[in-house]
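Peer 1:
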Amino acid sequence: MHNDLSAKELRGLFCDLGFVSDCDQLLPLLQRARKAAAISDVTVLMEGETGTGKQVLAQAIHKLDCKRRPFAFVTVHCSTITEALAESELFGHQRGAFSGAVDTRKGLFSAAHRGTLFLDDVNDLPLSLQPKLLDVLQRGILRPVGSDSEVPVDVRVIAAANRPLEPLVREGRFRLDLYHRLNVVRLFLPPLRARRADLAALMLAFAERHRTLYAPILGIEPDLLRFLESQSLYGNVRELENAVQRMLFSKAEGSSLGLEDWMRQLSSDVSQDEVDALEQSANCVWQAIFSGELGYDQALQELERRVLKSAIAVPGWTRRKIAERLHMSERALYYKMHACGLTDRLR
Ligand SMILES: Nc1ncnc2c1ncn2[C@@H]1O[C@H](COP(=O)(O)OP(=O)(O)O)[C@@H](O)[C@H]1O
Ligand SMILES: [Mg+2]
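Count the sequence shown with our numbering and you get residues 314 to 660, in order.
(1) State the start and end residues of the unbroken alpha helix (DSSP H) segment that holds Glu637.
(2) Tell me whether the segment 407-418 and the segment 458-477 touch, counting them as touching only if at least three CB pairs, one residue from each stretch, are closer than 8 angstroms.
(3) Report all residues from its chain with a CB closer than 8 angstroms to the CB of Asp434; omit the five preceding and five following residues, and keep chain order.
(4) Does Leu531 come out as helix, strand or coil in the three-state DSSP assignment?
(5) Give the straight-line distance between the Cα atoms of Val557 and Ser423, rounded to the nearest whole angstrom.
(6) Is the distance from the Cβ of Arg577 to the Cβ of Ser568 below 8 angstroms?
(7) What residue range is occupied by the uninterrupted beta strand (DSSP E) comprising Phe404?
(8) Near ligand 2, which residues have their beta-carbon less than 6 angstroms from any of its heavy atoms, given in chain order?
(9) Cβ of Leu561 within 7 angstroms of any heavy atom in ligand 1?
(10) What did DSSP end up calling Ala514 once you bin it into helix, strand or coil?
(11) With which residues is Met359 paired in a DSSP beta bridge?
(12) Which of the three DSSP states is assigned to Val369 in this structure?
(13) Run through the segment 558-604 for me and flag every whole alpha helix (DSSP H) of 4 or more residues, listed as ranges in chain order.
(14) Ligand 3 heavy atoms versus the CB of Leu512: any closer than 7 angstroms?
(15) Is the beta carbon of Ile454 sitting closer than 8 angstroms to the one on Pro465?
(16) For the alpha helix (DSSP H) holding Phe327, just list the boundary residues, first then last.
(17) Leaving out the 5 sequence neighbours to the left and right, which residues in its chain are closer than 6 angstroms to Tyr527 when beta-carbon positions are compared?
(18) Could you tell me which of Leu537, Cys653, Arg469 sits nearest to Arg382, measuring between CA atoms?
(19) Kindly examine ligand 1 and report whether one of its heavy atoms sits closer than 7 angstroms to the Cβ of Glu615.
(20) Is Leu546 helix, strand or coil when you go by DSSP?
(21) For Phe487, does the count of other Cβ atoms within 10 angstroms reach 16, so buried, or fall short, so exposed?
(22) Going straight from the alpha carbon of His375 to that of Thr429, what length do you get?
(23) For the putative contact between Gly361 and Phe501, defined by C-beta atoms under 8 angstroms, what is the C-beta separation to the nearest angstrom?
(24) Say the cut is 7 angstroms; is the CB of Phe404 nearer than that to a heavy atom of ligand 1?
(25) Please state if the CB of Val355 and the CB of Val498 are separated by a distance shorter than 8 angstroms.
(26) DSSP puts Ile454 in a beta bridge; with which residues?
(27) Nearest by alpha-carbon distance to Met359: which of Ala320, Glu534, Pro477 is it?
(28) Thinking C-alpha only, which one of Trp599, Val333, Leu377, Leu403 is nearest Arg456?
(29) So who's on the other strand from His390, going by DSSP bridges?
(30) Does ligand 1 have even one heavy atom less than 7 angstroms from the beta-carbon of Gln473?
(31) Under 8 angstroms by Cβ, that's how I've got Phe519 and Glu542 pegged, so tell me the actual separation to the nearest angstrom.
(32) Tell me whether Gly334 counts as near ligand 1, meaning its Cβ is closer than 7 angstroms to at least one heavy atom of that ligand.
(33) Give the secondary structure of Arg347 by DSSP, where H, G and I count as helix, E and B as strand, and everything else as coil.
(34) If you follow the alpha helix (DSSP H) that Arg486 is in, where does it begin and where does it stop?
(35) With distances taken between CB atoms, is the gap from Ala507 to Asp335 smaller than 8 angstroms?
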């Protein structure tokens, strides 16, 4: 059924579908995604931090699936779905099913009929909804709210989790049976910091993608790449794309993107993604405190230590420069670093 593609052809195939990669490390992932696409009924579970490209890859699978691509790709945002309205949103409702149901509504499942249903952030799906979802997935039929007839639904499900589901199952926050139902083909998207070889290709692809909005650039300077290789980039590819756009915004035609540009865009407005990333980090810290792994003071000190460590790691940033950027006196900075055990790294 499949002719085998060379590494270059495989990367090209996914690149044309919006998923750019340049390193060999992702080839097995692309192979598996392509294979899953060819089996139109197989459920896919994607795991990976926010911004690693789960949605882009899900759409690529949909487009590669000859049977389903003429039909819709429908996204369910599991983290924003409200428990009260979820059933009608997902499965639809009959006119008059509840006060406010003035029309018959189709629901996301039916909208995706014969196509792909993408369950985004499935780890946030309220526990109370999980049995209903499992039931529909298992039987392939649903009953709209207030209706007495059942409707067949034929969808391929692709679920995306921004944190590993298994620990959630162990903690009783995700149902084991639903986990098994979703976990048929598992695709793991590594964080960007684990595939640094992709940095340049992604940045160039973004410059190209937004070329109608900004002046074209010549390339990426080595100092920027070297610097990014040392960064955590918790917002992953999304963070990188936004940063590239912010850099391009203030670039002249024919120049290239360097470390200076990166630093400048960092000090422009804090974007929504960075706020999300902050919120996520706060959640992780909270979980460590909640589970008793770390005490409150200890957790916050650890956080502060890491922030300061990142500041020290910026090439060319002296103690004075760091103090300036953190809006504190050099003396206060010195004490903080000392408290965090970072004194030996001061310049
Ligand atoms: N491999 C990739 N190639 C090109 N763009 C990507 C890639 N991965 C992510 N992106 C970009 O980053 C953004 C976030 O990706 P997304 O698929 O929404 O991440 P996730 O679903 O994992 O949070 C996308 O809108 C896309 O523009
Ligand atoms: Mg996402």
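Beta carbons: idealized from backbone N, C-alpha and C, even for Gly.
Peer 2: Concretely, from the data shown:
(1) 632-638
(2) yes
(3) His390, Cys391, Ser392, Ala473, Ala474, Asn475
(4) coil
(5) 38 angstroms
(6) no
(7) Looking at the DSSP string, Phe404 is not in any beta strand (DSSP E); the run it does join, the alpha helix (DSSP H), is 396-404.
(8) Thr363, Lys367, Gln368, Asp433
(9) no
(10) helix
(11) Ala473, Leu500
(12) helix
(13) 572-579, 585-603
(14) The ligand content of the structure shown is limited to ligand 1 and ligand 2, which means ligand 3 is not among them.
(15) yes
(16) 320-329
(17) Leu561
(18) Arg469
(19) no
(20) coil
(21) buried
(22) 7 angstroms
(23) 6 angstroms
(24) no
(25) yes
(26) Pro465
(27) Pro477
(28) Leu403
(29) Asp433
(30) Contrary to the premise, residue 473 reads as Ala rather than Gln in this sequence. Yes.
(31) Contact doesn't hold; Cβ gap of about 17 angstroms is too wide.
(32) What sits at residue 334 in the sequence shown is Ser, not Gly. Yes; taking the cut-off as 7 angstroms, the Cβ of Ser334 has a heavy atom of ligand 1 nearer than that.
(33) helix
(34) Per DSSP, Arg486 belongs to no alpha helix (DSSP H) and is neither H nor E.
(35) no
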